[in-house]
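Just so we're aligned, residue 6 is where the sequence shown starts under my numbering, counting upward by one.
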Amino acid sequence: MSNKNYLQSVLAQCCPKCRKGRLFSSRPYNLKKFSKMNNTCNCCGQTFQMEPGFYDGAMYVSYAMQVALFATVSVALNVLHPNAGTAWYIGGVITLAILLSPMIFRLSRSLWIHFFVSYDQRNANVKYSNERTSNYSGKVRGEV
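Okay, here's the thing in structure tokens:
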């Protein structure tokens, strides 16, 4: 899909400026590298490391997502099994929190950078390349 909207770009963890490049260098469940972000977009050159501590605010987004997950699991258990004991609630919440932590971490960072970097329609037409190359004028190859 070439023209992603805001929500699709956040969920796919794409560059907020061109909505094509990838924010993260590996898959979410590669536990050794799930938090490794690319330094820049390999399509438009947007930097993802804005300033030291930029992603500290993503912790609040992650917290809100975890609270929503806990509430959803609790309501689902209450509806599906009204007589479930406390151990079922705690076990269900902890299990899902552990399993979904890499995705929630990445989604919160994606949402956080999308709050601060706006989409640039001009960058949507730049060809995607695995390596960002520049010519002497400083323009990314493929720019007009």
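C-beta: ideal position from N, C-alpha, C; glycine also.
Ranked by how close their Cα comes to the Cα of G50, the residues G90, P107, N88, R24 have R24 in first place. Within the same chain, T52, F53, Q54 come within 8 angstroms of N44 by CB-CB distance, once the 5 residues on both sides are set aside.
The criterion of a C-beta distance shorter than 8 angstroms is not satisfied by Y124 and P33. Boundaries of the alpha helix (DSSP H) around G96: 91-121. From the listed residues K9, A17, G97, the smallest Cα separation to M108 is found for A17. Rounded to the nearest angstrom, the gap between the Cα atoms of R111 and S40 is 7 angstroms.
Between N47 and G26 a beta carbon distance of about 5 angstroms is seen, short of the 8 angstroms cut, so the two are scored as contacting.
Counting along the chain, T77 sits inside the alpha helix (DSSP H) bounded by residues 63-85. In terms of Cα proximity to S113, the closest of V80, A69, G97 is A69.
In the three-state scheme derived from DSSP, where H, G and I count as helix and E and B as strand, R32 is classed as coil.
Taking L82 as the centre and dropping the five residues before and after it, the same chain places the C-beta of A89, W93, Y94, G97 closer than 7 angstroms to its C-beta, in chain order.
Annotation for S14: the continuous alpha helix (DSSP H) segment containing it runs 11-16. Pairing L85 with A76, the inter-Cα distance amounts to about 14 angstroms.
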